[in-house]
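To keep things clear, I will list the structure first and then write my remarks on it.
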Amino acid sequence: MIKCLHLLRFNQRASLFAETLKYCAKALILFSLMFGIVFIAFLCLFYLLFVSKLSSCSSLLSTAQILFEMTLMKFDASQIMGADAFLGPFCFTLFMLLVVFVCLNMFLSISNAGFHHAKDNQKEDQIMLSFMVKKFLRWTGLKRLNQEEIQEERDCRMRSQYFDPIENFPDRIDQLLEALNKIYVDQKRELARLDKAGL
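Using the UniProt record's numbering, count along the sequence shown one by one with no gaps and you end on 199.
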């Protein structure tokens with residue numbers, strides 16, 4: 001399975017999916033543990049409250065099925081509302097708030113963060129891969145440079161040789177100050193020598 005994913009890295013979408021899973025694997029495992037605890041707690045709650053009132057909550061498996069349907073918003077809530085006047089709507093609302101809104105938003109935010117990280121890294125990988133392929137083809141002579149690429153290469157060489165005068169400005173100022181300081185010290189020595197000589 002992992003080797004298949006490794007081979008699919010050349011497919012851009014598959015590699016993006018694999019990179020997303022790799023980046024957020026630890027967070028997704030921790031989220032799964034937390035979601036499992038919350039889901040089992042609601043499973044016990046719904047089973048114990050509605051086992052005698054609803055036929056769809058007669059076993060743990062059927063109760064789990066109802067909870068999954070509620071998570072996917074594919075459930076008719078009128079059964080639970082009719083089973084108990086207060087506990088039915090209260091438990092249904094609590095489940096919707098905690099599982100559907102809080103837990104699913106946590107899952108989406110974890111996935112979204114992993115996707116953005118993977119997408120940023122993939123851009124760098126794609127640029128590097130295309131650069132390496134281009135260099136290899138040019139090195140083997142299988143691809144000749146067109147006029148635009150030749151001009152781009154010249155521009156890159158010129159940019160690498162270009163130096164910004166502003167960048168050298170502090171060094172030039174230091175050189176100027178050293179020269180002025182040397183002239184000043186030399187003049188002071190000359191004046192001191194002339195004063196000693198009495199001139």
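Cβ coordinates follow ideal geometry from the N, Cα and C atoms, glycine included.
Can you tell me whether residue i is helix, strand or coil according to DSSP?
{"i": "residue 84", "result": "coil"}
{"i": "residue 136", "result": "helix"}
{"i": "residue 28", "result": "helix"}
{"i": "residue 114", "result": "helix"}
{"i": "residue 146", "result": "coil"}
{"i": "residue 100", "result": "helix"}
{"i": "residue 141", "result": "coil"}
{"i": "residue 36", "result": "helix"}
{"i": "residue 202", "result": "There is simply no residue 202 to check, as the chain begins at 1 and stops at 199 in what is shown."}
Where does residue i land, buried or exposed, given buried means 16+ other C-beta within 10 angstroms?
{"i": "residue 54", "result": "buried"}
{"i": "residue 47", "result": "buried"}
{"i": "residue 15", "result": "buried"}
{"i": "residue 19", "result": "buried"}
{"i": "residue 61", "result": "exposed"}
{"i": "residue 173", "result": "exposed"}
{"i": "residue 177", "result": "exposed"}
{"i": "residue 191", "result": "exposed"}
{"i": "residue 147", "result": "exposed"}
Report yes if the CB atom of residue i is closer than 9 Å to the CB atom of residue j, and no otherwise.
{"i": "residue 107", "j": "residue 35", "result": "yes"}
{"i": "residue 64", "j": "residue 94", "result": "no"}
{"i": "residue 206", "j": "residue 102", "result": "It is not possible to answer for residue 206, since the shown part of the chain is limited to 1 through 199."}
{"i": "residue 25", "j": "residue 113", "result": "no"}
{"i": "residue 79", "j": "residue 56", "result": "yes"}
{"i": "residue 98", "j": "residue 49", "result": "no"}
{"i": "residue 92", "j": "residue 77", "result": "yes"}
{"i": "residue 22", "j": "residue 118", "result": "yes"}
{"i": "residue 67", "j": "residue 31", "result": "no"}
Practice task
May I have a chain-ordered list of the alpha helix (DSSP H) segments no shorter than 4 residues that lie completely inside the segment 53-98?
Solution key: 60-71, 78-83, 87-95
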